[in-house]
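Residues in the sequence shown are numbered from 31 upward in steps of one, following this note's numbering. The C-beta atom is built at its ideal place from N, Cα and C for all residues, glycine as well. The block underneath contains the structure these notes are about, expressed in structure tokens.
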Amino acid sequence: MRFFATTVTGLEDIVATEVSRLLGVDAVTDVSKVFFETTLEGCALLNYSAKSVNKVYLLVARGEVGGLAEIEEVAAAPVIVELIDRYQSFAVRAERHGVHDFTSLDIAAAVGKAIIESYRSVTGVRLRVDLNNPDVEFLAILRDGDFILGLNTTGLSLHHRYYRVRHHRAGLSPTVAHSMLMIASWQPGESLLDPFCGSGTIPIEAAIHALNIHPGLRMENLAMTKLRIFSHEMLSGLRERLMGEEEAPRPLDIAGIDASPRAIVDAETNLEKAGLKGCVDLSIGDALNLEKFIKKPYTKIVCNPPFGVRMGLRDPYSFYTKAFSSMRKASPGSSLTLIASKPVVVTRALEDSGWTVIGERRIILGSIAGCIITAEQ
Ligand SMILES: C[S@@+](CC[C@H](N)C(=O)[O-])C[C@H]1O[C@@H](n2cnc3c(N)ncnc32)[C@H](O)[C@@H]1O
């Protein structure tokens, strides 16, 4: 069976590597998604275990199309009847990229019509549409002439982690945080510091990775639990096996610092909710004077520094230069991976404070562009 996993644009290779590692299959990258072959059990494993993936879809149909009539034809895939129970409701979400003389709502309507008609022609049953709380959700994507129809096996995106009870106003997506750890080539066992930890996303994701915790096991209402193609025995057997693979919480060489006492309280609350109290060292501190707050160098620094006037940053160049100089002084020899919205200023500040940029990649988070930069001393 063919599936695709979605991600933030710019992190496709990270997701492909994770899919290949977890499932032992090749994964092919596309814009904000990766395609691969696996079984339903492989798909369930990804929903339970993946840390860089947002959603996993079963590929229902794909084809080159010229307009809405052809979209309807491709969407009327014979397999639809096997995917929905007659009493279940469904919804179609649609995305459109490129120049077309119709909207994404037109695509959703055309696909919805095709699903209703093809189901009725085989079963005699007219399926119910529920756009607010459907039992089964499809995603239709049209990119220029390439049309893809997927069945959502995840439900709400996996970046909604179970531990996030306290939200930071500039909080980082946990799937991006995990990807940054992979870009930094951080290995469990290596020491890690986030000097701008906010609500703790990066240190908590690091601890989850180090202890082989499967975040999706704690996700409520994964869509696949409602889908008739997934057997309950298979899912519960897999859950049990994965639970058995998780390591017991223990203190790890992972630290988070933030200047805001409120942020540290929130990070501690999230850490506790993650079931990882005491695994990560979280403390109040100033990243511009790190040598006063950390007692030893860290192998890797991974962080999401503040950006914009809204976060009180009136002179970003001077703030970043002080922060990067302080990191070098307090943690000689470490490498640094960070996410920035103003890569030009950040790169200049890095170079002027003695760092060498060794990698840079653009990502797109919704409508916001960001850049993940890696530097060495
Ligand atoms: C973009 S937020 C980090 C959000 C975090 N990654 C999360 O997911 O919650 C930047 C953080 O830097 C902190 N900060 C600002 N100036 C600081 C300083 N001089 N030293 C340490 N932390 C600082 C802010 O309090 C804020 O929590």
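In this structure, DSSP gives His130 a state outside helix and strand, which the three-state scheme calls coil. Cβ-Cβ separation between Phe354 and Ser383: approximately 4 Å, consistent with a contact (criterion under 8 Å). Applying a distance threshold of 5 Å between residue Cβ atoms and the heavy atoms of ligand 1 selects His198, Ala200, Gly201, Leu202, Phe226, Gly228, Ser229, Thr231, Asp288, Ala289, Ser290, Ala293, Asp316, Ala317, Leu318, Asn334, Pro336, given in chain order. Annotation for Phe354: no beta strand (DSSP E) segment contains it, though the alpha helix (DSSP H) segment containing it runs 346-360. Only residues of its own chain outside the window of five on either side were considered, and among them Leu247 have a CB closer than 7 Å to the CB of Met273, listed in chain order. In this chain, the alpha helix (DSSP H) harbouring Ser79 covers 70-79.
Under the three-state reduction of DSSP, Pro225 is assigned to coil, being neither helix nor strand.
A straight line joining the alpha-carbon of Gln118 with that of Ala57 spans about 32 Å.
Between Ala253 and Val332, the C-beta gap is not smaller than 9 Å, which leaves the two residues out of contact. The residue from Thr299, Tyr149, Leu157 with its alpha-carbon nearest to that of Tyr193 is Thr299. In terms of Cβ geometry, Leu172 and Ala124 form a close pair [threshold 9 Å].
By the neighbour-count criterion, in which a residue is buried when 16 or more other Cβ atoms sit within 10 angstroms of its Cβ, Leu306 is buried.
When the beta-carbon positions are compared, Val83 and Val55 stay at least 9 Å from each other.
Under the three-state reduction of DSSP output, Arg191 falls in the coil class, being neither helix nor strand.
DSSP places Arg292 in the helix class (H, G or I) of the three-state scheme.
Between Ala237 and Cys309 a beta carbon distance of about 5 Å is seen, short of the 8 Å cut, so the two are scored as contacting. In the three-state scheme derived from DSSP, where H, G and I count as helix and E and B as strand, Leu257 is classed as coil.
Spatial neighbours of Gly230 in its own chain (CB-CB distance under 6 Å, excluding positions within 5 residues in sequence) are listed in chain order as Gly286, Ala297, Asn300, Leu301. The segment 253-270 makes contact with the segment 67-83, as at least three CB pairs between them are under 8 Å. The criterion of a C-beta distance shorter than 9 Å is satisfied by Leu241 and Ala278.
Leaving aside the five residues that flank Arg358 on each side, the residues in its chain whose CB is nearer than 6 Å to its CB run, in chain order, Gly384, Gln407. As DSSP reads the structure, Thr36 sits in a beta bridge with Lys63, Lys85. Counting along the chain, Ala405 sits inside no alpha helix (DSSP H); it lies in the beta strand (DSSP E) bounded by residues 398-406. Counting only unbroken stretches of 4 or more residues, the alpha helix (DSSP H) elements lying wholly within the segment 200-244 are 204-213, 231-240, in sequence order. A Cβ-Cβ distance of about 17 Å is found for the pair Ala170 and Val129, leaving them out of contact under the 8 Å criterion. Contact annotation: Val90 and Gly154 have beta-carbon atoms that are not nearer than 9 Å.
Apart from sequence neighbours up to five positions away, the residues of its chain that approach Ala289 with a beta-carbon distance below 6 Å are Asp316, ordered along the chain. Per DSSP, reduced to three states, the secondary structure at Ile324 is coil, with no helix or strand assignment. Between Asp43 and Thr59, the gap from beta carbon to beta carbon is short of 9 Å.
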